[in-house]
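Shown next, in structure tokens, is the structure this report addresses.
Residue numbers (mature numbering (1 follows the signal peptide of the UniProt record, and there is no 0)): -24 to -1, 1 to 443.
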């Protein structure tokens, strides 16, 4: 039989094994894995990809519009052929196109008839209209390609920023947990001294307040962790869960903070998208100009007609047959070939204003481009300042933590021995907590500054390849 100490020791080892097993099961999510997962799952990126596919498909359709229209038609009818001298207009197709002799009186003789028709129409020359339309669609495809690229780039930055924010939040929660533990330790010491009459009762109240304040701070920090974790889950396109992240961002600095971007300024994903918006608008202006010019067409028709009414029906109203086969069999054929030109002269005036409007749209897009370009250049300058300041803080943090820890130990020892008051002790407690918070986020801020530089230059490799 195991004695009490042996049972406790066995229980301890089993607990350690269980913790190690759980930790082994919970794999660390590296930032590169997170980026790959986000690019594969995020709905906005899928949406942009489908938009690009639609544009490419429409480009193929646009290239076929230069082909001639070739129509085949056939109809078989049954009815009368009473003719009438007089004007008529087939308004909205609400009239009957019966052809027959004008007789002295109405009759109800009816027979079958048929019309078989093939026609071709080809706008073979319109001053480059088809070419310009294809050009418009090509620029739309280019615009949608850069739209997808900028969405992917921006999402990479969003995921990285949220990853770093979550890691910082987890470290801050740890700092608040340590602060709570120290506050409870203070509470234990204070209560003991108050019970023994060594300190006034108000010290106990102040200690209780410090514990409550530390609990509130911990709860708020844990809520921040949950918020950032939830946001990261959304960006990754997966269900909300707890994440174990790579601690490299809080243990080491980037390898090369002075690395230069390999992306030219004009090749920034966002700027390329804005430039392609301008290109689409300019191409649309060229396309609109072609509508002010005439269109040259070739056309041809070949048709066959059949009728149950005989050729002498005008003089002999009994010369017809109700036979379906005889009525729909074509007996007369005609063809027609021609060339035509159509020019709506008033379209010159309409097109002028359409082109003018499109030029203003192009200018609007150019203004947008200039604004984004200036913002990115300002961000690039700010990024260097952020990196420099973050490095200063990294170098200063060890001094702050060491001094705050020494002050805490001294005040704790003095208070235990009745040589200091609780106000001085709680101030030391607050100073140490603030120093630990600075320690946990100092290196994280360096990575955040590098990410900001990466986003402003358009080169995500500056960040992701700097381990």
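Glycine included, every Cβ here is placed at the ideal spot set by N, Cα and C.
field: Proximal residues to residue 126 (C-beta, below 6 Å), its chain only, five neighbours per side dropped
entry: Here residue 126 refers to the residue found at position 150 when the chain shown is read from its first residue. 245, 246, 249.
- prompt: Quick one, which of 59, 141, 113 has its alpha-carbon nearest residue 425's?
  reply: As a working mapping, residue 425 is identified with position 449 in the chain shown. When only C-alpha atoms are compared, the closest one is 141.
- prompt: Should residue 123 be labelled buried (16 or more other beta-carbon atoms within 10 Å of its own) or exposed?
  reply: The sequence position of residue 123 within the chain shown is 147, counting from 1. Residue 123 is buried by the Cβ-count criterion.
- prompt: Do residue 421 and residue 366 come within 8 Å of each other at the CB atom, strictly closer than that value?
  reply: Here residue 366 refers to the residue found at position 390 when the chain shown is read from its first residue. Here residue 421 refers to the residue found at position 445 when the chain shown is read from its first residue. The answer is yes: Cβ separation under 8 Å.
- request: Could you pull the start and end residues of the alpha helix (DSSP H) that residue 439 belongs to?
  value: By 1-based counting over the chain shown, the position of residue 439 is 463. 437 to 440 is the extent of the alpha helix (DSSP H) around residue 439.
query: What's the gap between the Cα of residue 16 and the Cα of residue 334?
result: In the chain shown, residue 16 corresponds to position 40, counting from 1. In the chain shown, residue 334 corresponds to position 358, counting from 1. Looking at the two C-alpha atoms, the distance is approximately 37 Å.
message: Using only CA atoms, which one of 184, 395, 299 lies nearest to residue 157?
response: Counting from 1 along the chain shown, the entry for residue 157 is found at position 181. Of 184, 395, 299, the residue nearest in Cα terms is 184.
message: For a test of the three-state rule: what should DSSP assign to residue 297, helix, strand or coil?
response: Sequence index remark: in the chain shown, residue 297 carries index 321 (1-based). Coil at residue 297, not helix or strand.
message: Let me check one thing: in DSSP terms, what residues is residue 87 bridge-paired to?
response: Looking up residue 87 in the chain shown gives position 111. DSSP output for residue 87 lists 55 as bridge partner(s).
task: Could you tell me which residues DSSP puts in a beta bridge with residue 49?
output: Numbered from its first residue, the chain shown carries residue 49 at position 73. Within the DSSP secondary-structure output, residue 49 pairs in a beta bridge with 93.
query: If you draw a straight line from the alpha carbon of residue 342 to that of residue 6, how long is it in whole angstroms?
result: Start at 1 with the first residue of the chain shown, and residue 342 comes out as number 366. Start at 1 with the first residue of the chain shown, and residue 6 comes out as number 30. Residue 342 and residue 6 have their C-alpha atoms spaced approximately 40 Å apart.
Element boundaries [alpha helix (DSSP H), containing residue 394]: Taking the first residue of the chain shown as position 1, residue 394 is located at position 418. First-last for residue 394: undefined, no H or E at that position.
field: Option nearest residue 33 by Cα separation, candidates 110, 83, 74
entry: For the purposes of this step, residue 33 is taken as the residue at position 57 of the chain shown. Taking only the C-alpha atoms, the option nearest residue 33 is 110.
query: Assuming residue 284 and residue 50 make a contact with CB atoms under 8 Å, what is their CB distance in whole Å?
result: As a position in the chain shown, residue 284 is number 308, starting the count at 1. As a position in the chain shown, residue 50 is number 74, starting the count at 1. Contact between residue 284 and residue 50 is absent: CB atoms are separated by about 17 Å, not below the 8 Å threshold.
- prompt: Between which two residues does the beta strand (DSSP E) harbouring residue 309 extend?
  reply: The sequence position of residue 309 within the chain shown is 333, counting from 1. Its beta strand (DSSP E) spans residues 308 to 318.
- request: Please state whether DSSP places residue 272 in a helix, a strand or coil.
  value: One-based indexing of the chain shown puts residue 272 at position 296. Reduced to three states, the DSSP call for residue 272 is strand.
message: Which residue wins for smallest C-alpha separation from residue 309, given the options 370, 146, 94?
response: The sequence position of residue 309 within the chain shown is 333, counting from 1. Nearest option by C-alpha distance: 94.
Nearest-angstrom Cα separation, counted from residue 340 out to residue 271: Numbered from 1 along the chain shown, position 295 holds the residue referred to as residue 271. Numbered from 1 along the chain shown, position 364 holds the residue referred to as residue 340. Going from the Cα of residue 271 to the Cα of residue 340 covers about 32 Å.
Whole-angstrom distance between residue 108 and residue 260, CA atom to CA atom: The count along the chain shown starts at 1 and reaches residue 260 at position 284. The count along the chain shown starts at 1 and reaches residue 108 at position 132. Their Cα atoms are separated by approximately 8 Å.
- prompt: So residue 290 packs on residue 304, CB below 8 Å; how close in whole Å?
  reply: Within the chain shown, the letter at position 314 stands for residue 290. Within the chain shown, the letter at position 328 stands for residue 304. At roughly 22 Å, the Cβ-Cβ gap does not stay under 8 Å, so residue 290 and residue 304 are not in contact.
message: For the region 231 to 245 against the region 173 to 184, do three or more pairs of beta-carbon atoms, one drawn from each stretch, fall closer than 8 Å, so that the two count as touching?
response: Between the region 231 to 245 and the region 173 to 184 there are fewer than three inter-stretch CB-CB distances shorter than 8 Å, so the stretches are not counted as touching.
message: Mapping the DSSP letters down to three states, classify residue 111 as helix, strand or coil.
response: As a position in the chain shown, residue 111 is number 135, starting the count at 1. The answer is helix: DSSP assigns residue 111 an H, G or I state.
- prompt: Taking the alpha helix (DSSP H) that residue 184 falls in, what are its first and last residues?
  reply: Taking the chain shown and counting its residues from 1, the one referred to as residue 184 is at position 208. In the DSSP assignment, residue 184 falls within the unbroken alpha helix (DSSP H) covering 177 to 212.
task: On a CA-only basis, which of 353, 322, 274 is nearest residue 96? Give me that one, please.
output: Along the chain shown, one-based indexing puts residue 96 at 120. With distances taken between Cα atoms, residue 96 lies closest to 274.
message: To the nearest angstrom, how far is the alpha carbon of residue 213 from that of residue 382?
response: Position 237 of the chain shown, counting from 1, holds the residue named residue 213. Position 406 of the chain shown, counting from 1, holds the residue named residue 382. Whole-angstrom Cα-Cα distance: 46 Å.
message: Quick test of the definition: if touching needs 3 or more C-beta pairs under 8 Å, does the region 75 to 90 touch the region 293 to 304?
response: Touching, per the Cβ criterion.
- prompt: So which of 362, 388, 416, 293 has the shortest CA-CA distance to residue 80?
  reply: Looking up residue 80 in the chain shown gives position 104. Selected option, being the one with the closest Cα: 293.
Cβ neighbours of residue 408 in the same chain (closer than 7 Å, five flanking residues each side left out): Within the chain shown, the letter at position 432 stands for residue 408. Contacts found: 380, 381, 384.
task: Run the CB neighbour count on residue 115, radius 10 Å, all protein chains shown included, and call it buried at 16 or more, exposed below.
output: In the chain shown, residue 115 corresponds to position 139, counting from 1. Residue 115 comes out buried.
Three or more C-beta pairs below 8 Å linking the region 391 to 410 and the region 323 to 338: The region 391 to 410 vs the region 323 to 338: no contact.
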